[in-house]
Amino acid sequence: MAFSKSLTSIILSALLSAVEVRAHGIASAVVIDSTFYNGYNPSYQYESPPPTVVGWSVPDDLQNTFISPDKFGTPDMICHLGATPAGAAAPVKGGDVIEVQWTPWPASHKGPVLDYLANCNGACEIIDKTKLEFFKIGEADWVDQANDLWAANVLANNNNSWFVRIPEDIAPGNYVLRHEIIALHAAANPNGAQSYPFCYNLVVDSQGTATPVGIPATQFYKSDDPGIKFDLFSHPTAYVIPGPALYSGALPVSQTKPPAITATAAGVYAFTAPARAKAVVVTTAAAAVPSTFKVATKVASPAMPQATSVL
6 MAFSKSLTSI ILSALLSAVE VRAHGIASAV VIDSTFYNGY NPSYQYESPP
56 PTVVGWSVPD DLQNTFISPD KFGTPDMICH LGATPAGAAA PVKGGDVIEV
106 QWTPWPASHK GPVLDYLANC NGACEIIDKT KLEFFKIGEA DWVDQANDLW
156 AANVLANNNN SWFVRIPEDI APGNYVLRHE IIALHAAANP NGAQSYPFCY
206 NLVVDSQGTA TPVGIPATQF YKSDDPGIKF DLFSHPTAYV IPGPALYSGA
256 LPVSQTKPPA ITATAAGVYA FTAPARAKAV VVTTAAAAVP STFKVATKVA
306 SPAMPQATSV L
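Under this note's numbering, the sequence shown has 242 at position 237, and the numbering climbs by one with no breaks.
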């Protein structure tokens, strides 16, 4: 019977992968202090010149695809397929909450949502991405086992938005935010987990002095990690969040209704004084919240969350 259960899981995950091969989403924008900043859009590759945005370009991801475990050790794992640095950055203060907006995320693609920061130690728009060392500032996984609700479902139910808070104690400077969903619907299969990392340039204004130690994204996960090789359909009772431990200065944030957008900005272009740079606001018309908005169940993060905690 154990073989039958395993076979059923593999068949189900394979079918879901085949049916929704083009249904994946992208992290398309961020909102900070009610100001909207555009991220990368695949259509930009057909514009000359493409717009300058705060989201990293992903020129090789034309079909909204993913990074598979056999590619976890490659540069594509850092900020997605062929990613190149953004030409602008979004200003944010230590302790501020960033809303990451996605295109529609499929309900079947259950899994954790993870957030990382890396200090560029200079201008992020010219950074060698392989030199970035990330520390984890946010994580959420199986938030409601009784209803099989995962962090990725919370994101989808919350108007395809996710919130992450910038630590208050980090030193000011230029950072890359790496935001990621790991979809587990096919993770029972060898090489079946799907990583969707997207990056944004930030200019952090902070009174802090902390310089957290990070590691390259290419060292985050291994294909046989329990949070990567995982069978959603075998009635599991626990899940171990993959990757490095959560930074001790990480701050909790609730996944609630996104606030109204009141302005749109192109970002910061000068990096000579990153902590005091101003955003270039190009539009001040308020943007209405979509009428189809659905509020997700609140996910209250613990004050001292653990990277390997099981929800």
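Where a beta carbon is used, it is the ideal one built from N, C-alpha and C, also for glycine.
Ordered along the chain, which non-local residues of its own chain (more than five positions away) have a Cβ less than 6 Å from that of residue i?
i: asparagine 69; result: His29, Ile31
i: isoleucine 72; result: Asp81, Met82, Ser200
i: glycine 60; result: Gly44, Tyr45, Ala91, Tyr205
i: aspartate 38; result: none
i: alanine 280; result: Its pLDDT being 41, under 50, alanine 280 is placed unreliably in this model, and the coordinates cannot settle the point.
i: lysine 98; result: Asp210
i: phenylalanine 77; result: Tyr226
i: valine 26; result: Here the model assigns valine 26 a pLDDT of 45, short of 50, so the residue's position is not dependable and the matter cannot be decided.
i: tryptophan 167; result: Val105, Val118, Leu160
i: threonine 223; result: Gly78, Met82
Quick check on residue i: buried or exposed, where buried means 16 or more other Cβ atoms within 10 Å of its Cβ?
i: tyrosine 45; result: buried
i: serine 113; result: buried
i: methionine 6; result: For methionine 6, the pLDDT reaches just 43, beneath the cut-off of 50, and the residue's location in the model is therefore unreliable, although a value from the coordinates is still provided. With fewer than 16 other Cβ atoms within 10 Å, it is exposed.
i: leucine 251; result: buried
i: aspartate 146; result: buried
i: aspartate 269; result: Just to set this straight, residue 269 is threonine in the shown sequence, not aspartate. Result: buried.
i: alanine 243; result: exposed
i: lysine 134; result: buried
i: isoleucine 132; result: buried
i: valine 273; result: buried
i: glycine 116; result: buried
i: glycine 232; result: buried
i: asparagine 158; result: buried
i: threonine 40; result: buried
i: proline 217; result: buried
i: tyrosine 51; result: exposed
i: lysine 136; result: exposed
i: leucine 12; result: At leucine 12 the pLDDT is 44, less than 50, meaning the model places this residue with poor confidence and gives no usable figure here.
i: alanine 255; result: buried
Please list, in chain order, all residues of the same chain as residue i whose beta carbon is under 7 Å from its beta carbon, the five residues on each side excluded.
i: aspartate 65; result: Leu86, Gly87
i: proline 109; result: Gly30, Asn165
i: glycine 219; result: Ala123, Glu138, Phe139, Phe140
i: serine 33; result: Gly44, Asn46, Gln106, Trp107, Thr108
i: proline 74; result: Asn196, Ala198, Ser228, Ile233
Per DSSP, residue i is paired with what?
i: asparagine 124; result: Tyr180
i: lysine 262; result: According to DSSP, which records beta bridges pairwise, lysine 262 is partnered with nothing at all.
i: tryptophan 147; result: Trp155
i: valine 2; result: This structure cannot speak to residue 2, because the chain is shown only from 6 to 316.
i: serine 207; result: Before going on, a small fix: residue 207 reads as leucine here, not serine. DSSP output for leucine 207 lists Ala95, Tyr180 as bridge partner(s).
i: glutamate 173; result: Answer by DSSP bridge pairing: none, since glutamate 173 is not bridged.
i: serine 200; result: Ile72, Ile187
i: glutamine 106; result: Ala34, Ser166
i: alanine 268; result: Thr40
Take residue i and list the residues in its own chain whose beta-carbon comes closer than 8 Å to its own, dropping the five residues that flank it on each side.
i: valine 169; result: Val102, Ile103, Val105, Asp120, Ile142, Gly143, Leu182, His184, Val258
i: proline 241; result: Phe235
Return yes when the Cβ of residue j is within less than 9 Å of the Cβ of residue i, no when it is not.
i: serine 53; j: threonine 89; result: no
i: threonine 57; j: alanine 193; result: no
i: isoleucine 187; j: proline 247; result: yes
i: leucine 207; j: cysteine 129; result: yes
i: leucine 67; j: proline 47; result: yes
i: phenylalanine 140; j: alanine 123; result: yes
i: alanine 93; j: asparagine 179; result: no
With a threshold of 8 Å, establish whether the CB of residue i neighbours any heavy atom of the ligand PLP.
i: alanine 151; result: With respect to small molecules bound, the structure shown includes none, and the ligand PLP cannot be examined in it.
Touching by the beta-carbon criterion (3+ pairs, under 8 Å), the region 100-108 and the region 226-234: no
At least 3 beta-carbon pairs within less than 8 Å: the region 257-269 vs the region 161-169: yes
Touch test, the region 172-190 against the region 206-213, Cβ-Cβ under 8 Å, three pairs minimum: Contact between the region 172-190 and the region 206-213 is present, because at least three Cβ pairs lie under 8 Å.
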